[in-house]
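Enquirer:
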Amino acid sequence: MRLKLTRDLIRDELITRVQDLSGQSLLQCYQCGKCSAGCPVVHEMDIVPSEVIRLLQLGQLDEALDSKTIWICASCLQCASRCPKGVEFSSICDALRQIVLRKRMATPRVDADDVSAIMVSDAPQMGVVGALRKLNG
Amino acid sequence: MKIPYYPGCTLHERARDFDVSARECAKALGVELEELPIWTCCGAVFPLVTDSVMDILAGVRNLEYASRIGDKLVTLCSFCYNVLKRTNRVMRDDLEKREKANLFLRADTAAREEVESYTKTDYTGQVEVLHYIEMLRDVVGFDELRKKVENGLGGLNVAPYYGCMLLRPKKEMEFDDPEQPTVFEDLLATLGCDIVDFPMKTECCGGFQIVNDEELAVMCSQNVVSSAIKRNADVIVTTCPLCRYNLDKKQEEMIERVRGFRRIPVIYFTQLLGLALGIDEEHIDFSDNYVDPRPVLAEKSLL
Ligand code: SF4
Ligand code: SF4
């Protein structure tokens, strides 16, 4: 992957916004990879949790926002629970989703009309509500 | 003894068996779960972004309703427990959010024309949120519980599945160790079960991703289920309706994916508790389980 590194990108206000929204300091992460190692859905991610953080440290917000990763995270909090530096990737992930959803930068992954009749009649209510809140905004 | 109880949406609908068995067990233990006279959905997931007051309001309202009838609030669903406990902590520790949320509460009460009685009582996180397991441990006491066990469950190999929401984040949930929790085992030991320790007991079942990416969630669930089967469990017990759905109902898909897949029943811990306390099978209600636990229970002479 080719990255263009500039001071402007690294200090972009949206990067600050990610830190504010998530309450996490990106530079705390020293790239040990423990978050990625413990994530139950990591094998389906295009960019793994520690890589997302590295990209953000380098100002590459678009890469992070365009990733599949932020939509398949199950918010299980394992990454946050195991990070030796106390960084909560789960919160960073929520912040990235919120940036997309609030600005309507992409169609929501779970559309209220889209949740098939079977799911609504079969799945537990909290699962449907949870998915809509996390992935629809 | 009466304790305020928040069932949450799922226990009123899809997980009636969880609700009914829990109430009956509590009754047998001398506790009346007093359902909140008014309650709403708690929102199911706690917002992980820092700027949102709106997203915690549902939880705040339910906590405030609870504060009108008691100083504790018992709940069963792991998601509700997570949301209510974390929301309560915000109301206790985050003065700015507390202030804002109380403005909403005042607007609510004004809308309901109850201004007189409620405007002065701001909600400040005074209610103690308890999981039913904590109620068993701290209010009833495992020793007392042991005395009430009518049918010991010896010989039944039970795999306790914690999942995510009871345990994480540890510093807020303060439920148990996030990697090596033991409270579920302690409870099951009280009932006489043979406990099966399995490495996936705190791994995610895929959670709400079942609605977005079914295959992904089934894969997560399959890892959990297979791990318990490999350790020779007879049943898996859980305390979350979503875990139950993913682990139990989705075995339908696992059978198709894995050749020679052996099915395993997944039941709520309150159903097992009901068996031990000698509650009528009608109140334990195994009819909603996809994989029927009755054959294995009968084989172990527990039915
Ligand atoms: S576990 Fe923490 S420090 Fe290690 S890579 Fe992940 S976020 Fe960074
Ligand atoms: S919260 Fe998301 S990123 Fe973190 S471990 Fe769970 S699924 Fe993976």
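So the sequences go chain by chain: A and B.
Going by the working numbering, the first residue of the first sequence is number 1, and it counts up by one from there.
Going by the working numbering, the first residue of the second sequence is number 138, and it counts up by one from there.
Glycine included, C-beta positions come from ideal geometry on N, C-alpha and C.
Since the structure is predicted, the reported quantities are computational estimates derived from the model, not experimental observations.
Given 7 Å as the limit, tell me if residue 33 (chain A) has its C-beta closer than that to any heavy atom belonging to ligand 1.
Expert: Residue numbering aside, residue 33 (chain A) sits at position 33 when the first sequence is read from its first letter. Result yes, Cβ under 7 Å from ligand 1.
Enquirer: One question on the structure: do residue 293 (chain B) and residue 331 (chain B) come within less than 8 Å of each other, judged by their Cβ atoms?
Expert: Locating residue 293 (chain B) in the second sequence gives position 156, where the first residue counts as 1. Locating residue 331 (chain B) in the second sequence gives position 194, where the first residue counts as 1. For residue 293 (chain B) and residue 331 (chain B), yes; Cβs fall inside 8 Å.
Enquirer: Could you pull the DSSP bridge partners for residue 294 (chain B) from this structure?
Expert: For the purposes of this step, residue 294 (chain B) is taken as the residue at position 157 of the second sequence. For residue 294 (chain B), which the question treats as bridged, DSSP gives the partners B:331.
Enquirer: Which residues, taken in chain order from the segment 10-31 of chain A, show a beta carbon closer than 8 Å to some beta carbon of chain B?
Expert: From the segment 10-31 of chain A, only 20, 21, 22 and 23 have a Cβ closer than 8 Å to chain B.
Enquirer: Shorter than 8 Å from the beta carbon of residue 346 (chain B) to some beta carbon of chain A?
Expert: Position 209 of the second sequence, counting from 1, holds the residue named residue 346 (chain B). Answer yes: the Cβ-Cβ gap between residue 346 (chain B) and chain A drops below 8 Å somewhere.
Enquirer: Which chain B residues sit within Cβ distance under 8 Å of residue 87 (chain A)?
Expert: Taking the first sequence and counting its residues from 1, the one referred to as residue 87 (chain A) is at position 87. Within 8 Å Cβ-Cβ: nothing; residue 87 (chain A) doesn't reach chain B, min ~12 Å.
Enquirer: Nearest-angstrom Cα distance between residue 336 (chain B) and residue 138 (chain B)?
Expert: Residue numbering aside, residue 336 (chain B) sits at position 199 when the second sequence is read from its first letter. Residue numbering aside, residue 138 (chain B) sits at position 1 when the second sequence is read from its first letter. Near 38 Å, if we compare the C-alpha coordinates of residue 138 (chain B) and residue 336 (chain B).
Enquirer: For residue 106 (chain A) and residue 353 (chain B), I'd like the C-alpha separation in whole angstroms.
Expert: The residue given as residue 106 (chain A) occupies position 106 in the first sequence. The residue given as residue 353 (chain B) occupies position 216 in the second sequence. Approximately 21 Å, taken between the alpha carbons.
Enquirer: Is any heavy atom of ligand 2 found at a distance shorter than 7 Å from the C-beta of residue 89 (chain A)?
Expert: Residue mapping note: residue 89 (chain A) aligns to position 89 of the first sequence, counting from 1. It does: the Cβ of residue 89 (chain A) is within 7 Å (strictly closer) of some heavy atom of ligand 2.
Enquirer: CB-CB under 7 Å to residue 252 (chain B), same chain, minus the five flanking residues each way: which ones, in chain order?
Expert: Working through the second sequence from its first residue, we reach residue 252 (chain B) at position 115. Low confidence applies to residue 252 (chain B): its pLDDT is 48, below 50, so where it sits in the model is not reliable, and the reading given next is rough at best. These residues qualify, in order along the chain: 246.
Enquirer: Closer than 8 Å by beta-carbon distance: list the chain A residues that pair up with residue 216 (chain B), in chain order.
Expert: Your numbering for residue 216 (chain B) matches position 79 in the second sequence. Simply 126 and 130.
Enquirer: Which residue marks the beginning of the beta strand (DSSP E) containing residue 268 (chain B), and which one marks its end?
Expert: Residue 268 (chain B) sits at position 131 when you count from the first residue of the second sequence. Its beta strand (DSSP E) spans residues 265-268.
Enquirer: Roughly how many whole angstroms lie between the Cα atoms of residue 217 (chain B) and residue 145 (chain B)?
Expert: Position 80 of the second sequence, counted from the start, is the residue given in the question as residue 217 (chain B). Position 8 of the second sequence, counted from the start, is the residue given in the question as residue 145 (chain B). Residue 217 (chain B) and residue 145 (chain B): Cα-Cα distance of roughly 7 Å.
Enquirer: Any C-beta of chain A within less than 8 Å: which residues of the segment 178-194 of chain B qualify?
Expert: For the segment 178-194 of chain B, which is checked against every Cβ of chain A, the residues closer than 8 Å are 178, 180, 181, 182, 184, 185, 186, 187, 188 and 192.
Enquirer: Could you check where the beta strand (DSSP E) with residue 141 (chain B) kicks off and where it finishes?
Expert: Taking the first residue of the second sequence as 1, we reach residue 141 (chain B) at position 4. Unbroken beta strand (DSSP E) run through residue 141 (chain B): 139-143.
Enquirer: Helix or strand or just coil, what does DSSP make of residue 175 (chain B)?
Expert: Within the second sequence, numbered from 1, the residue matching residue 175 (chain B) stands at position 38. It is coil, neither helix nor strand.
Enquirer: I want to check one thing, is the minimum distance from the CB of residue 85 (chain A) to the heavy atoms of ligand 1 below 7 Å?
Expert: Locating residue 85 (chain A) in the first sequence gives position 85, where the first residue counts as 1. Answer for residue 85 (chain A): yes, Cβ within range of ligand 1.
Enquirer: Please work out which residues of its chain come closer than 8 Å, Cβ to Cβ, to residue 169 (chain B), disregarding the five sequence neighbours upstream and downstream, and give them in chain order.
Expert: Taking the first residue of the second sequence as 1, we reach residue 169 (chain B) at position 32. Only 138, 139, 140 and 163 meet the Cβ criterion.
Enquirer: Are the beta-carbon atoms of residue 204 (chain B) and residue 260 (chain B) separated by less than 8 Å?
Expert: Counting from 1 along the second sequence, the entry for residue 204 (chain B) is found at position 67. Counting from 1 along the second sequence, the entry for residue 260 (chain B) is found at position 123. Yes.
Enquirer: What would DSSP say about residue 221 (chain B), mapped onto helix, strand or coil?
Expert: By 1-based counting over the second sequence, the position of residue 221 (chain B) is 84. Residue 221 (chain B): helix per DSSP, three-state reduction.
Enquirer: For my contact list, residue 409 (chain B) and residue 374 (chain B) are in at a C-beta cut-off of 8 Å; report their separation, rounded to the angstrom.
Expert: Position 272 of the second sequence holds residue 409 (chain B). Position 237 of the second sequence holds residue 374 (chain B). Yes, they are in contact, since the Cβ atoms of residue 409 (chain B) and residue 374 (chain B) sit about 6 Å apart, within 8 Å.
Enquirer: Just mark residue 30 (chain A) as buried or exposed, buried being the case when its beta carbon has 16 or more other beta carbons within 10 Å.
Expert: Indexing the first sequence from 1 puts residue 30 (chain A) at position 30. By the 10 Å Cβ count, residue 30 (chain A) comes out exposed.
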